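Q: This structure is in structure tokens; I'll ask about it shortly.
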Amino acid sequence: MSKKLKGNLRILDINNLYSPAGGGIRVYHHQKMKWCRQNGIENFLAYPASADTRTEVSGGTAIGIKSPKLAGSGYYFFTNKTKLQNLIRELKPDIIELGSGIVVPDMVKEFTGGIPTFAYYHSNWPEALPLSVLGIGKGPIPVLFKRLASPKMVRGYKLLKTVFAASDYSLSKLREAGLSNIKKVPLGADPITFHPDRRSEQLRKDLGAVNGKKIALYMGRLAPEKGISVLLKAFRHLFQDENIIIVAAGGGHCKRKLQKAASAHPDKLKLISRINTRDQAAELMASADAFISAGPCETFSLATLEALDCGTPVVACREAAAAELVHQAEGNSTYAPWDSGEALADAIIKAINTPREKRRQFRDFAEQFTWNRCFTTITESCMQHLN
2 MSKKLKGNLR
12 ILDINNLYSP
22 AGGGIRVYHH
32 QKMKWCRQNG
42 IENFLAYPAS
52 ADTRTEVSGG
62 TAIGIKSPKL
72 AGSGYYFFTN
82 KTKLQNLIRE
92 LKPDIIELGS
102 GIVVPDMVKE
112 FTGGIPTFAY
122 YHSNWPEALP
132 LSVLGIGKGP
142 IPVLFKRLAS
152 PKMVRGYKLL
162 KTVFAASDYS
172 LSKLREAGLS
182 NIKKVPLGAD
192 PITFHPDRRS
202 EQLRKDLGAV
212 NGKKIALYMG
222 RLAPEKGISV
232 LLKAFRHLFQ
242 DENIIIVAAG
252 GGHCKRKLQK
262 AASAHPDKLK
272 LISRINTRDQ
282 AAELMASADA
292 FISAGPCETF
302 SLATLEALDC
312 GTPVVACREA
322 AAAELVHQAE
332 GNSTYAPWDS
342 GEALADAIIK
352 AINTPREKRR
362 QFRDFAEQFT
372 WNRCFTTITE
382 SCMQHLN
């Protein structure tokens with residue numbers, strides 16, 4: 002990063018999908034704030050919240066804007082464009098990055114005319130939203146929603162300088178919608194925190210992995226778009242194997258279904274309601290014999306990269322971007338179709354039997370993805386459009 006820019010650049014991120022208690026999108030913004038601070042850049046993040054707030058986070062400022070809750074999704078949703086427009090006037094950013102193609106581009110376009118504005122494609126929302134809100138992944142409703150949503154996304158994105166996307170999967174979705182102002186910029190991970198040395202034999206013992214038993218870990222939101230319904234289908238196959246323990250860590254509105262399954266099979270399914278720190282997440286990932294990424298709409302899957310950094314084999318559905326990482330790392334535990342419990346179960350069994358020597362290979366592959374590379378690429382691309 003050019004030294005002459007230190008202290009002179011102000012970036013405003015606006016993201017409908019951010020939550021202080023969220024997953025990959027939260028990590029992205031917190032890591033970006035940390036990176037910006039280290040490079041002398043001011044970074045602000047505006048997101049919809051239950052109340053108007055301003056909080057210092059990782060060297061940046063997170064600005065919650067009071068907004069209504071989107072029914073059934075667990076997210077809040079921008080509806081008041083005046084507050085966003087007033088914030089842009091107040092902060093006078095040099096660069097704006099939109100983290101969501103839903104509503105936000107239309108809300109702020111009148112006030113970004115002189116400000117280089119970009120987007121990062123965090124969510125394949127034309128396909129993910131029906132699954133997230135309604136729990137419907139197939140049939141006429143998702144098809145109709147995508148048909149209506151994709152043109153709206155294009156209208157919002159086509160006026161931007163660039164739309165950044167983390168994977169070939171995401172690029173293909175944007176091209177399919179009709180966009181050409183796109184650029185691939187993969188996410189990064191923290192290879193110090195997520196490391197094979199985090200493996201804990203005591204944790205494995207606490208979870209019941211003794212006498213040769215193996216752990217398959219799901220960690221994330223317990224939500225329809227994350228493939229929880231498919232994981233539930235897979236249980237009937239996996240519970241027949243006395244050597245497999247499923248650990249599901251996280252919260253969400255599918256939690257009761259998992260609690261019901263765990264009460265019926267307490268030795269086969271272990272639930273961890275909350276992961277409080279990144280260190281705890283890394284210890285779980287490194288201690289697992291396989292990590293599960295079953296979401297059919299993942300635009301990258303940061304959790305997959307973090308698991309690979311831990312040297313842990315990843316199970317991923319081929320319809321989404323997580324499978325790209327698995328294939329590039331030369332893993333062989335992908336499956337299709339995404340909603341087949343039997344196919345998922347077979348892939349989990351294959352993953353937990355991955356030879357130990359492959360773990361080093363997964364780690365070597367994942368180490369190339371750093372946050373510094375991600376944010377340097379994005380910021381330098383944005384700076385080309387500054388006056």
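For the sequence shown, this note's numbering puts the final residue at 388, and the numbers step up evenly by one.
From the three backbone atoms N, C-alpha and C, an ideal C-beta is built for every residue, glycine too.
Every value quoted in this text rests on a predicted model; they were computed, and no experiment measured them.
Under 8 Å by Cβ, that's how I've got leucine 46 and isoleucine 64 pegged, so tell me the actual separation to the nearest angstrom.
A: 7 Å
Q: What's the C-alpha gap between serine 230 and aspartate 340?
A: Taking the Cα positions, serine 230 is about 8 Å away from aspartate 340.
Q: Quick one: give me the first and last residue of the beta strand (DSSP E) that serine 294 is part of.
A: 291-294
Q: What number of angstroms, rounded off, separates the C-alpha of phenylalanine 78 from the C-alpha of arginine 27?
A: 16 Å
Q: When the cut-off is 7 Å and only beta carbons count, does isoleucine 142 lie next to chain C?
A: Of the protein chains in the structure, only one exists, and it is not chain C.
Q: Under 8 Å: do the segment 262-280 and the segment 162-174 share three or more Cβ pairs, one atom per stretch?
A: Proximity of the segment 262-280 to the segment 162-174 falls short of the contact definition, fewer than three beta-carbon pairs being nearer than 8 Å.
Q: Look up isoleucine 391 in the DSSP assignment and give the residues it is bridged to.
A: The chain is shown from 2 up to 388; residue 391 falls before or after that span and cannot be answered.
Q: In this structure, does DSSP put alanine 166 in helix, strand or coil?
A: strand
Q: Can you give me the Cβ contacts of leucine 180 inside the same chain, cut-off strictly under 7 Å, excluding the 5 residues immediately before and after it?
A: Val155, Tyr158, Lys159 and Val164
Q: With three or more beta-carbon pairs closer than 8 Å as the criterion, would you say the segment 288-297 touches the segment 186-205?
A: yes
Q: Quick check: the segment 142-153 against the segment 307-314, are at least 3 beta-carbon pairs closer than 8 Å?
A: no
Q: By a C-beta neighbour count over all protein chains shown, 10 Å radius and 16 as the cutoff for buried, is histidine 30 buried or exposed?
A: buried
Q: For tyrosine 48, which three-state DSSP category applies?
A: strand
Q: What would DSSP say about aspartate 191, mapped onto helix, strand or coil?
A: DSSP places aspartate 191 outside both helix and strand once states are collapsed to three, so it counts as coil.
Q: Can you tell me which of the three DSSP states lysine 67 falls into?
A: strand
Q: Give a yes or no on whether the C-beta atoms belonging to leucine 85 and valine 109 are separated by under 7 Å.
A: yes
Q: So for arginine 27, helix, strand or coil by DSSP?
A: Arginine 27: helix per DSSP, three-state reduction.
Q: Between which two residues does the alpha helix (DSSP H) holding cysteine 318 run?
A: Here cysteine 318 belongs to no alpha helix (DSSP H); instead the beta strand (DSSP E) covers 315-318.
Q: Would you kindly work out how many angstroms separate the C-alpha atoms of arginine 200 and glutamine 369, rounded to a whole number?
A: 21 Å
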